[in-house]
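Notes follow the structure.
2 protein chains.
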Amino acid sequence: MPDGDTFPSGPLAVVDRTTADRIFADLSHLILSGDLPPGAKLSEPDLAARFGTSRAPLREALRRLAERKLVTHIAHQGARVIRLTPARITEIYQIREALEGVAAREAALRMSDAAIAELRALLDLHAGRVSASDRYFQGTEDDDFHFRIIHACGNEMLTALLLDEYYLLIRLLRRQIHHPAGVAQRALIEHRRILDAIADRAPDLAETMMRRHIAAAFTRLRAGLPDTSPTPRPRKEASA
Amino acid sequence: MPDGDTFPSGPLAVVDRTTADRIFADLSHLILSGDLPPGAKLSEPDLAARFGTSRAPLREALRRLAERKLVTHIAHQGARVIRLTPARITEIYQIREALEGVAAREAALRMSDAAIAELRALLDLHAGRVSASDRYFQGTEDDDFHFRIIHACGNEMLTALLLDEYYLLIRLLRRQIHHPAGVAQRALIEHRRILDAIADRAPDLAETMMRRHIAAAFTRLRAGLPDTSPTPRPRKEASA
DNA sequence: ATTCCGGATATTGTCGACAGATCCCGCGGT
DNA sequence: ACCGCGGGATCTGTCGACAATATCCGGAAT
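The listed protein sequences derive, respectively, from chains A and B.
Reminder that position 7 of the first sequence reads as 7 in this note's numbering, one-by-one numbering, no gaps.
Reminder that position 54 of the second sequence reads as 54 in this note's numbering, one-by-one numbering, no gaps.
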């Protein structure tokens, strides 16, 4: 993957040129895997001991996670894993809808014919898996499709914003939901329509289809959320 | 301004509960005021001495600035003030167009009648100033209008993203451009149309008008850029 | 003269320790 | 029994120093 002096950092896959990089990646995985559940306190002494380093690189990793909105940091109180309330999920999807709409629009203008053909083949592959298991969203297939679009948009800041920031939150969210049957087929159909618009080099249509796709995904997601009650007040604690 | 336990941090106006907060604010001002020009090396020992602290809080401030894209940070090489190339400016405006479009849409749904009336009065005030000086963009009037919309969108993450991240970059950019005559009137007219759409509670129209306004602003901006040559290679140095 | 190489210098990354603030828990008052 | 208060323990924020890496400058070879 070509990545010269392009844009600042990458996400988790960045080469750890420093201890802070490694801790950042490890902590991200711990959070995204659910090992560190939402609301968990991130104690600097504990984690430093756990990673076998001093607190300096750990603090830096925590700061980066805070800027990526994976943890909240309050002065003199420490960091906690973010708690995704329904209100915040709504906000994330509003932003994601707009940003991925732009990505789809630009992809319609810039994606190479070869990449389009590859992506079409990928969707065919997905189709087989869906009809076999109907677990489209449980795997990473949905991400795969969106990743390709996002990478093809040609806007490095947008790519970084979506992948390094919002997709981490979405992956975290995905752990909390279960989709009803039939969702997989719907998503696949929508993916095909988006790709068709891109193949037709129709930016407006591609943007519209992508936005509708994400809006629909949000509606489906909302149905699968554990509780839709207002905001479950910040509870007492959550163990590691 | 109501801001309880809403969302993580604020921008520059945050109360400095810690030394790092203060340095972060001070450094932001130094960069935005042009005291630290684009490309300038941000030496940790130098700045630490300048602020009269140790390197620890300074490093933290630098990391935050890096996450807000005001500086680039490379491992073992240090931090530099971001250099806004034409390509990156294009990226910023693409993102901004989409995000502020959402803000306008939501504002059309949620802005109170009182706030709309206030904003209309503000535009009348601007009109007087524009006809007197034709320096709409040189002041903060344009920001004022957009700030109001962004604050009214009801999406805290979106508000934080636009104000804490992208508006810092846009303010930095504004230092580099000079608008031709007549731009102010055009912008004011567009502002009125956006507000009209919001007052009509027409979210689609408000989003469209806002996107067109920002796209037009980008076109005007492009004309006022010093050089439109490809990418002026990272030069040798830039003094503080 | 130009290019490549190597050592000295300076800077960044990391560490351990101290100071201030917050949190927890037990005590006394009502 | 409940609430407010105070002291101890714990944690975060900050500091100064060390280690590792990158940069810069001078010299040698082509």
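Heads up, the beta-carbon is just placed ideally off N, CA and C, and yes, glycines get one too.
Along chain B, in chain order, which residues have C-beta atoms closer than 7 Å to that of residue 18 (chain A)? 75
Does the beta-carbon distance from residue 71 (chain B) to residue 89 (chain B) come in below 8 Å? no
Residues in the region 43 to 74 of chain A with C-beta within 9 Å of chain B's C-beta atoms, listed in sequence order? 56, 59, 60, 63, 64, 66, 67, 68, 69, 72, 73 and 74
Restricting to Cα atoms, I'd like to know which of B:157, B:155, B:163 and B:200 is closest to residue 144 (chain B). B:163
Please say whether residue 103 (chain B) and residue 158 (chain B) have beta carbons closer to each other than 8 Å? yes
Using a Cβ-Cβ distance cut-off of 8 Å, determine whether residue 10 (chain A) contacts chain B. Note that residue 10 (chain A) scores a pLDDT of 39, beneath 50, so its modelled location is shaky; the value from the coordinates is reported in the next line. It does not; no Cβ of chain B falls within 8 Å.
Residue 95 (chain B) and residue 161 (chain A): beta carbons closer than 8 Å? Taking 8 Å as the Cβ cut-off, residue 95 (chain B) and residue 161 (chain A) qualify as a contacting pair.
Backbone secondary structure at residue 181 (chain B) - three-state DSSP: coil
Listed in chain order, which residues of the region 95 to 112 of chain A have Cβ atoms closer than 7 Å to some Cβ of chain B? 95, 98, 99, 101 and 102
So, using beta-carbon positions, are residue 119 (chain A) and residue 188 (chain A) closer together than 8 Å? no
Would you mind sorting residue 107 (chain A) into buried or exposed? The rule is 16 or more other CB atoms within 10 Å of its CB. buried
Taking just the CA atoms, how far does residue 152 (chain A) sit from residue 219 (chain A)? 26 Å
Measuring CB to CB, does residue 221 (chain A) end up less than 8 Å from residue 177 (chain A)? Annotated as proximal: residue 221 (chain A) and residue 177 (chain A), with beta-carbon spacing under 8 Å.
Using the beta-carbon of each residue, which ones in chain A are nearer than 8 Å to residue 161 (chain B)? 95
Thinking just about the alpha-carbon of each residue, which of B:93, B:156 and B:25 is nearest to the one in residue 211 (chain B)? B:93
In three-state DSSP terms, what is residue 25 (chain A)? helix
Suppose contacts are defined by Cβ-Cβ distances below 8 Å. Is residue 42 (chain B) in contact with residue 79 (chain B) by that definition? yes
Helix, strand or coil at residue 73 (chain B) according to DSSP, with G and I counted as helix: strand
Please report whether the beta-carbon of residue 198 (chain A) lies at a distance below 8 Å from any beta-carbon of chain B. no
Residue closest to residue 174 (chain B), alpha-carbon to alpha-carbon, out of B:54, B:129, B:44 and B:140: B:140
Beta carbon proximity, residue 158 (chain A) to chain B, threshold 8 Å: yes
For residue 78 (chain A), which three-state DSSP category applies? strand
Below 9 Å on C-beta distance, what does residue 92 (chain A) contact in chain B? 157
Over the uninterrupted alpha helix (DSSP H) stretch that includes residue 100 (chain B), give me the two end residues. Its alpha helix (DSSP H) spans residues 86 to 110.
Could you give the distance in angstroms between the alpha-carbon of residue 18 (chain B) and the alpha-carbon of residue 51 (chain B)? 13 Å
Let me check understanding here. Comparing Cα to Cα, which of B:55, B:39, B:165 and B:183 lies closest to residue 84 (chain B)? B:39
Residues near residue 20 (chain B) in its chain [Cβ-Cβ closer than 7 Å; skip 5 each side]: Non-local C-beta neighbours of residue 20 (chain B) in its own chain, meaning closer than 7 Å and more than five positions away in sequence, comprise 57, 60 and 61, ordered along the chain.
Cut-off 6 Å between Cβ atoms - residues of its own chain near residue 34 (chain B), not counting five sequence neighbours on either side: 175
Determine the direct distance from the alpha carbon of residue 217 (chain A) to that of residue 25 (chain A), and round the result to whole angstroms. Distance between the alpha carbons of residue 25 (chain A) and residue 217 (chain A) is about 28 Å.
Nearest by alpha-carbon distance to residue 203 (chain A): which of A:49, A:110 and A:165 is it? A:110
Less than 8 Å separating the beta-carbons of residue 245 (chain A) and residue 206 (chain B)? Past the edges of chain A, shown from 1 to 240, lies residue 245 (chain A), and the structure says nothing about it.
What are the partner residues of residue 42 (chain A), as DSSP defines its beta bridges? A:79
Considering only residues of the same chain and omitting the five flanking positions on each side of residue 154 (chain A), which have a CB-CB separation below 7 Å? 106 and 110
Can you find the residues in the same chain that come closer than 6 Å, C-beta to C-beta, to residue 201 (chain A), ignoring five residues on each side of it along the sequence? 108
Chain A beta carbons: is any one of them nearer than 8 Å to that of residue 88 (chain B)? It does; some Cβ of chain A falls within 8 Å.
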